[in-house]
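**Q** Pasting a structure here, questions to come.
Protein chains: 2
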Amino acid sequence: MTTMSNRYTGSKPGRPTMKHVAALAGVGIKTVSRVMNNEPGVAEATRAQVLRAAEQLKYQLDVNAGNLRRSDRRTRTLGLVLPSVANQFSGEIHRAVEDAMAPRGIAVFASSVDDDPEREQPVVAALLQRRVDGLIVTPAAPDQSYLVSELEHELPVVFVDREPVGLAADCVTSDNREGAAAAAAHLIGHGHRRIAYLGDLSTIQTARERRRGFAEEAARAGITGQTFTVEELHDSRAAQEAATRLLTGSEPPTAIFAAQILVTLGVLRALKELGLQHRVALVGFDDFELADLLDPGVTVVAQHPEQIGRLAAERLLARLDGQRSRPERFVVPSTLIPRGSGEIPPA
Amino acid sequence: MTTMSNRYTGSKPGRPTMKHVAALAGVGIKTVSRVMNNEPGVAEATRAQVLRAAEQLKYQLDVNAGNLRRSDRRTRTLGLVLPSVANQFSGEIHRAVEDAMAPRGIAVFASSVDDDPEREQPVVAALLQRRVDGLIVTPAAPDQSYLVSELEHELPVVFVDREPVGLAADCVTSDNREGAAAAAAHLIGHGHRRIAYLGDLSTIQTARERRRGFAEEAARAGITGQTFTVEELHDSRAAQEAATRLLTGSEPPTAIFAAQILVTLGVLRALKELGLQHRVALVGFDDFELADLLDPGVTVVAQHPEQIGRLAAERLLARLDGQRSRPERFVVPSTLIPRGSGEIPPA
DNA sequence: CTGAAAGCGCTTACAG
DNA sequence: CTGAAAGCGCTTACAG
């Protein structure tokens, strides 16, 4: 009979198992298991011997195999569904979640959905097949009721940035309505009446909230301005074109509220191209690097993605720890940061 | 005997298994396995029956359990080690990797190491315990030889953005040396001789490469300027202070090369504060959103993280598909983009 | 303090 | 076309 060390089954040669470590150390596999999991009740000499064998074989515990038999059936894995891991806001949420999970040994699968309603469910299904212990999701589909059965099976699900539709679950968002209202109030307070609202796809819940907050505040000031409302702007080029059209029209607005980051960038390009950056006021929703370095500095309603991510992660951990109270809705206040562009008076 | 449907073992109640589906459909579990994995050779009627049962129980295949017995032992999982999932460059690499892996059903674990040499190895070890099928790593530690045994066990490892030390493995980087040399040549070509080099930690391999590319090009032009070299700048505040010191010194530089994105931001702040943004030339390494909107526009050496990520992912997939050729080193060319700041003549 | 037996939910390797 | 038995690498539940 050959030695064990060359008789592995898989196509990856040489990956040792507890059996190999046990054989080399001259103990049972249960003892190896105890040592590798830092369980008490192993003689010091035995422990040392096992560790030596493990070291020699470069043995690494297989957490997936362990999980299969473990009574809690936890994979120590989390699914995070985001618009895109390449965007700044998502990245900061991701990092906050990672930082909250790492101390518990929970690894994070992040998936990008690009706000495509069709992709949300397949992406979530793939995560469920991997038996993630929980889900943190930025909803993109019009309805999340497909997750009801998972919730019933006690899978913790927390929604971030946007509220879910069709099921009751924990949720952490920015104060979209209040933030947009604050932006409107700020511009109105500086004397503006002809304020344009440029916003994202109205299928996105936060976009509708911001629209509403802005409109309510405007109405409160006796302003109604359908002519200045443009929605369905999902990229900066579309926003730039829309802003250019408004600004070169017969009755241009004296101020613009850009309700999403890419819209803000598009408006900035339009203003610069038209040489109007010091003439037309601008407040953007969502902060960005360099906003202070532009001329004028860009006044924004800053969101706090790291707080949103952290809260969502804490919520999820509490659920994993058995908290069964009913779903809560957390709203993270945004912050208006005046930097110049929002304080330009009407022409 | 009670019905099966309420007799689960785990703490997550109700998660059905193939056994439950098989019982409900009145077939063996092997048949359920065939259907759930879309294997051929199942009668249409049987298949339909199984699908109906699976649907009714909301059954989802457990890919981890399957993997345990599967002959290839693949977890369809990848480990991605990055400086931080919150930074733009990392995020774009991450997205490119995700997009390359998704069609193959491979999910990505991303981990942030914050360029902390101490954190690299524990982070990698955690991924290995999860039996990832491969690793894409931005090295932060001074040495990656701890991965030699993994490479021997045929675990595919590809390094991104920085070259590994102590082992031969596939690697995809920017052309740091050439890019920095191009920046130097650009400034020299515009008449500058007193050019400051502001760079990141010299422990980081790419920082050393950029320093070298810059110095070589300067030497070629007969310029030696030790007094203008500041390194170990790892955040924008440090860079701002260093730039301010140089610019307010007795013999200020007429041009600055900022060899890292945070350094560029710090220099921009310093220039603006001193009112020198139209007097002192600046080229930055790494592009950023809004570089074109500043006044003047910021000339940069643009890297292409999405290409770097895609190449690394393709390399890894080729290895997974059995390619055994010797390790290759890919260098992705960067692009100098003149926008104004780099074309300011010396005072 | 230690280890043999059973079993987690699947796939493999067969046999019919 | 279908399914019973064995086994993947661990942990559980015991027994000694």
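Residue numbers (my numbering), protein chains in the order written: chain A, 1 to 347; chain B, 1001 to 1347.
C-beta atoms are modelled at their ideal positions from N, C-alpha and C, and glycine is treated no differently.
(1) Residues of the segment 152-177 of chain A in Cβ contact with chain B at a cutoff of 9 Å, in chain order, please.
(2) Are V1165 of chain B and Q1144 of chain B closer than 8 Å when you measure CB to CB?
(3) I want to see whether chain A comes within less than 8 Å of G1297 of chain B, judged by CB atoms only; does it?
(4) With a CB to CB cut of under 6 Å and the five nearest residues on each side skipped, what residues in its chain are close to G179 of chain A?
(5) Taking only the alpha-carbon atoms, compute the straight-line gap between E1273 of chain B and R339 of chain A and give it to the nearest angstrom.
(6) So with Cβ pairs under 8 Å, would you call K1019 of chain B a contact of chain A?
(7) For a contact meaning CB atoms closer than 8 Å, what does E92 of chain A contact in chain B?
(8) For D170 of chain A, which beta-bridge partners are listed by DSSP?
(9) Residues of the segment 1122-1146 of chain B with a CB closer than 8 Å to any CB of chain A: list them in chain order, please.
(10) Look at the alpha carbon of H186 of chain A and the alpha carbon of G342 of chain A, and state the distance between them as a whole number of angstroms.
(11) Run through chain A and tell me which residues come within less than 8 Å of R1095 of chain B, C-beta to C-beta.
(12) Looking only at its chain, what residues have a beta carbon closer than 8 Å to the beta carbon of I223 of chain A, apart from the 5 residues adjacent to it on each side?
(13) Answer with yes or no whether the minimum CB distance from A378 of chain A to chain B is below 8 Å.
(14) Just to confirm before moving on: does the CB-CB distance between L78 of chain A and G28 of chain A stay below 8 Å?
(15) Under a Cβ-count criterion, where at least 16 other Cβ atoms within 10 Å of its own Cβ denotes burial, should R74 of chain A be classed as buried or exposed?
(16) Can you give me the C-alpha to C-alpha distance between Y1008 of chain B and N1038 of chain B, rounded to a whole angstrom?
(17) So, is S1325 of chain B buried or exposed, given that buried needs 16 or more other C-beta atoms within 10 angstroms?
(18) Do D1284 of chain B and A1258 of chain B have their C-beta atoms within less than 8 Å of each other?
(19) Cα separation between S111 of chain A and A312 of chain A?
(20) Name the chain B residues whose beta carbon is nearer than 7 Å to that of V32 of chain A?
(21) May I have the straight-line CA-CA distance separating N64 of chain A from L1127 of chain B, to the nearest angstrom?
(22) Do three or more CB pairs link the segment 1154-1171 of chain B to the segment 1314-1328 of chain B at distances below 8 Å?
(23) Quick check: the segment 211-222 of chain A against the segment 246-253 of chain A, are there 3 or more CB pairs under 8 Å?
(24) Please report the residue range of the alpha helix (DSSP H) in which V1309 of chain B lies.
(25) Residues of chain B with CB closer than 9 Å to the CB of D62 of chain A, please, in chain order.
(26) Among B:P1139, B:R1130, B:Q1260, B:I1136, which has the Cα closest to the Cα of L1068 of chain B?
(27) Report the residue from B:A1238, B:H1278, B:E1232, B:A1181 whose alpha carbon sits nearest the alpha carbon of T1254 of chain B.
(28) Looking only at its own chain, which residues have a Cβ that is under 6 Å from the Cβ of A1054 of chain B, when we skip the five neighbours before and after it?
**A** Walking through what the data contain:
(1) Residues of the segment 152-177 of chain A with a C-beta less than 9 Å from any C-beta of chain B: E152, H153, E154, L155, listed in chain order.
(2) Position 165 of the second sequence, counting from 1, holds the residue named residue 1165 of chain B. Position 144 of the second sequence, counting from 1, holds the residue named residue 1144 of chain B. Yes, the pair counts as a contact, with Cβ atoms nearer than the cut-off.
(3) Along the second sequence, one-based indexing puts residue 1297 of chain B at 297. No, its Cβ sits nowhere closer than 8 Å to a Cβ of chain A.
(4) In the first sequence, residue 179 of chain A corresponds to position 179, counting from 1. V301, S334.
(5) As a working mapping, residue 1273 of chain B is identified with position 273 in the second sequence. As a working mapping, residue 339 of chain A is identified with position 339 in the first sequence. Their Cα atoms are separated by approximately 15 Å.
(6) On the second sequence, residue 1019 of chain B is found 19 positions in, with the first residue counted as 1. So no, K1019 of chain B is outside the interface.
(7) Reading the first sequence from its first residue, position 92 is the one you call residue 92 of chain A. What E92 of chain A touches in chain B: A1086.
(8) Within the first sequence, numbered from 1, the residue matching residue 170 of chain A stands at position 170. Beta-bridge analysis with DSSP links D170 of chain A to A:V158.
(9) When C-beta distances to chain A are compared with 8 Å, the residues of the segment 1122-1146 of chain B below that value are A1125, A1126, L1127, L1128, Q1129, R1130, R1131, in chain order.
(10) On the first sequence, residue 186 of chain A is found 186 positions in, with the first residue counted as 1. On the first sequence, residue 342 of chain A is found 342 positions in, with the first residue counted as 1. When the Cα atoms are used, H186 of chain A and G342 of chain A turn out to be separated by approximately 8 Å.
(11) Here residue 1095 of chain B refers to the residue found at position 95 when the second sequence is read from its first residue. Near R1095 of chain B (Cβ distances below 8 Å), the residues of chain A are S84, V85, A86, S112.
(12) As a position in the first sequence, residue 223 of chain A is number 223, starting the count at 1. Correct list, in chain order: I188, R193, I195.
(13) Within the shown structure, residues of chain A are numbered from 1 to 347, placing residue 378 of chain A beyond reach of any answer.
(14) If you number the first sequence from 1, residue 78 of chain A lands on position 78. If you number the first sequence from 1, residue 28 of chain A lands on position 28. Judged by beta-carbon spacing, G28 of chain A lies beyond the 8 Å limit of L78 of chain A, meaning their Cβ atoms are not closer than that value.
(15) Taking the first sequence and counting its residues from 1, the one referred to as residue 74 of chain A is at position 74. Taking every protein chain shown into account, the CB of R74 of chain A has 16 or more other CB atoms within 10 angstroms, so this residue is buried.
(16) Translated into positions along the second sequence, residue 1008 of chain B becomes position 8. Translated into positions along the second sequence, residue 1038 of chain B becomes position 38. Its pLDDT being 34, under 50, Y1008 of chain B is placed unreliably in this model, and the value from its coordinates should be taken loosely. Cα to Cα, the separation comes out at about 26 Å.
(17) The residue labelled residue 1325 of chain B in the question sits at position 325 within the second sequence. Exposed, because fewer than 16 other Cβ atoms sit within 10 Å of the Cβ of S1325 of chain B.
(18) Here residue 1284 of chain B refers to the residue found at position 284 when the second sequence is read from its first residue. Here residue 1258 of chain B refers to the residue found at position 258 when the second sequence is read from its first residue. It is worth fixing the name first, because residue 1284 of chain B is Gly in this sequence and not Asp. In this structure, G1284 of chain B sits near A1258 of chain B, with a CB-CB distance shorter than 8 Å.
(19) As a working mapping, residue 111 of chain A is identified with position 111 in the first sequence. As a working mapping, residue 312 of chain A is identified with position 312 in the first sequence. Their backbone Cα atoms lie some 16 Å apart in a straight line.
(20) Reading the first sequence from its first residue, position 32 is the one you call residue 32 of chain A. Neighbours of V32 of chain A on chain B: none; closest Cβ ~15 Å, over 7 Å.
(21) As a position in the first sequence, residue 64 of chain A is number 64, starting the count at 1. As a position in the second sequence, residue 1127 of chain B is number 127, starting the count at 1. When the Cα atoms are used, N64 of chain A and L1127 of chain B turn out to be separated by approximately 11 Å.
(22) With contact defined as three or more Cβ pairs closer than 8 Å, the segment 1154-1171 of chain B and the segment 1314-1328 of chain B are in contact.
(23) Segment contact: the segment 211-222 of chain A against the segment 246-253 of chain A, fewer than three CB-CB distances shorter than 8 Å; contact not assigned.
(24) Counted from its first residue, the second sequence places residue 1309 of chain B at position 309. The sequence given here has Gly at residue 1309 of chain B, not Val. Secondary structure note for G1309 of chain B: its alpha helix (DSSP H) is the uninterrupted segment 1305-1320.
(25) Indexing the first sequence from 1 puts residue 62 of chain A at position 62. Close to D62 of chain A, with beta-carbon spacing below 9 Å, are these residues of chain B in chain order: L1068, Q1129, R1130, R1131.
(26) As a position in the second sequence, residue 1068 of chain B is number 68, starting the count at 1. Cα-wise, what sits closest to L1068 of chain B is B:R1130.
(27) Here the question's residue 1254 of chain B lines up with position 254 in the second sequence. Answer by Cα proximity: B:H1278.
(28) Against the second sequence, residue 1054 of chain B aligns to sequence position 54. Answer for A1054 of chain B: V1021, listed in chain order.
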